[in-house]
Amino acid sequence: MPVHAIPLAELAHGLPPSFERARSWCALLEAGSILYFPRTPLPIPAPDLEFLLSRRQEASPLHKNIAYQPVHDALCGLEENQISEGESSRFRETMRRYSTAVASFLADFLLPYRERWQLDYASFRPFEERGRQLPMHKRNDLLHTDAFPTRPTHGARILRFFHNIHPSRTRDWVITEPFPQLVSRFAPHPLPLPRAEGAAARCFKALAELTGITSVLPGLKRTPYDAFMMRLNNAMKEDSEFQSHCPREEVRFAPGSSWMVYTDTVPHAVLAGQFALEQTLLVDAGAMVHSETAPVAVLERLTGAKVA
Ligand SMILES: [Fe+2]
């Protein structure tokens, strides 16, 4: 089941889950499930919610979202000429509270990962997703797996915790086949790849030639893994045949719900919805409870070479 619903009653009245319970939730995520809380375990304080829902950002549709960087306690993506200093501080405080609440909740809920992650950006997504005009590679409504063009993860997993804060509307996603099938589709077997240590770049060049996914060679800071994941993201969006004919499952997240998912391996698209919060965590691939499911392991099995 790609969506695993967790009623609040399962959270044992606010007590931390047992290690085994937490491990089972990690395993579900690693297997490609979306863990879904029909009612969020992290309600937003009413004044913060009111403040966020009053934001529109209509003047800057090219911004994907408004981001908060917990490490520097800093915001980016706000239109500075359209917001006062006081509002900007208010925004930062609101995002800081959300980010801190998610990190604190997940430290117990996903206990095996505790202290094995980096708290990445949190984001506020105030735009209506249906009908947004974005360049192809930035579109959210095309199926894709996540990869960051400017922040390579070097094999760390991209785990995202979302909250639909719209008072009445669902946030509508579509998902498709899991990562191993996806990679097989975009990188067919068998691959005539060298297996010697240090041959990763040659492996990925061969893979690029086979699949038509070009520019796979690592950049200055990217590992072959990062280069491949970025190109996979783009290749999926560019492939209209895949977008039209792959198996699709629709998922609607209720107003006031939360969910989390490894978006680097669960292909997803956002078809409709407005007003969501999200916190990203970069989880050490070595912290996986089933390390063989990590995308770095999948790609290393496929290529026979070290990729990150
Ligand atoms: Fe995404």
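The working numbering puts the first residue of the sequence shown at 56, with every later residue one more than the last. All residues carry an ideal CB built from backbone N, CA and C; glycine is no exception. Since we're looking at a predicted model, the values are computed, not measured.
Delimiting residues of the alpha helix (DSSP H) encompassing residue i
| i | result |
| --- | --- |
| Y25 | Outside the shown range of the chain, which is 56 to 363, sits residue 25, and nothing can be said about it. |
| L84 | F74 to E85 |
| L108 | A101 to L108 |
Member of the options whose CA lies at the smallest distance from the CA of residue i
| i | options | result |
| --- | --- | --- |
| V78 | Y168, R356 and V316 | Going by the sequence as given, residue 78 is Arg instead of Val. R78 has its Cα closest to that of Y168, out of Y168, R356 and V316. |
| S312 | F217, L337, F164 and P102 | F217 |
| Y317 | L84, H192, E183 and N195 | L84 |
| P207 | M150, G141, F283 and A122 | F283 |
| H59 | R194, F92 and S299 | F92 |
| K276 | V229, T205, P310 and L326 | T205 |
| A211 | G341, E75, L357 and V353 | G341 |
| P302 | T231, L237, T278 and A324 | T231 |
| V306 | S299, P322, S295 and A363 | P322 |
| I99 | M315, A162 and E148 | E148 |
| P125 | L354, W80, S143 and Q334 | Q334 |
| R151 | L332, N219, E355 and Y280 | L332 |
| A158 | Q173, L70 and S73 | Q173 |
| F74 | L161, S223, L237 and L90 | L161 |
| V238 | F330, N219, H209 and R286 | R286 |
| P57 | F146, A82, L165 and A202 | A82 |
| Y153 | L165, L107, L166 and I61 | L107 |
| T155 | W314, A309 and Y123 | Y123 |
| P310 | D281, L354, S223 and A64 | S223 |
| L326 | M315, W314 and E304 | E304 |
| H209 | F146, E140, D281 and G141 | D281 |
| E105 | E142, P71, A64 and N120 | E142 |
| L197 | A64, D103, H300 and Q236 | H300 |
For residue j and residue i, believed in contact at Cβ under 8 Å, the rounded distance
| i | j | result |
| --- | --- | --- |
| R226 | G132 | About 19 Å separates the two Cβ atoms, so there is no contact after all. |
| D339 | R171 | 4 Å |
| P297 | G87 | Checking the sequence, you will find Phe at residue 297 rather than Pro. In fact, because the Cβ distance is near 18 Å, the residues do not count as touching under 8 Å. |
| E184 | N195 | 6 Å |
| A324 | H221 | So it is not a contact: roughly 18 Å between Cβ atoms. |
| D163 | L337 | In fact, because the Cβ distance is near 19 Å, the residues do not count as touching under 8 Å. |
| P279 | V351 | Contact doesn't hold; Cβ gap of about 10 Å is too wide. |
| A202 | L357 | A202 to L357, Cβ: 17 Å. No contact. |
| W80 | L214 | Actually they do not touch by this definition, with Cβ atoms about 12 Å apart. |
| L90 | W228 | The pair is not a contact, with the Cβ atoms about 14 Å apart (cut-off 8 Å). |
| F146 | N219 | Contact doesn't hold; Cβ gap of about 19 Å is too wide. |
Endpoints, beta strand (DSSP E) assigned at residue i
| i | result |
| --- | --- |
| I89 | I89 to F92 |
| H59 | V58 to A60 |
| A129 | A129 to C131 |
| Y123 | I121 to Q124 |
Short CB-CB distance (under 9 Å) between residue i and chain E
| i | result |
| --- | --- |
| Q236 | As a matter of chain content, chain E is missing from the structure shown, which is built from one protein chain. |
### Task
Write down every uninterrupted run of the alpha helix (DSSP H) in the stretch 180 to 255 whose length is 4 residues or greater and which is fully enclosed by it, in chain order.
234 to 241
### Query
Given 8 Å as the limit, is there contact between the stretch 338 to 347 and the stretch 121 to 132, that is, 3 or more CB pairs closer than that?
The stretch 338 to 347 is not in contact with the stretch 121 to 132.
#### Entry: Unbroken stretches of the beta strand (DSSP E), 3 residues or longer, contained in the stretch 291 to 325
304 to 308 and 313 to 317
### Message
Going residue by residue through the stretch 321 to 361, where are the continuous alpha helix (DSSP H) segments of at least 4 residues, counting only ones entirely within it?
### Response
Qualifying alpha helix (DSSP H) stretches, in chain order: 350 to 358.
### Task
Would you check if there are 3 or more beta carbon pairs closer than 8 Å linking the stretch 287 to 305 to the stretch 172 to 188?
no
### Any 3 or more C-beta pairs closer than 8 Å across the stretch 93 to 104 and the stretch 186 to 199
no
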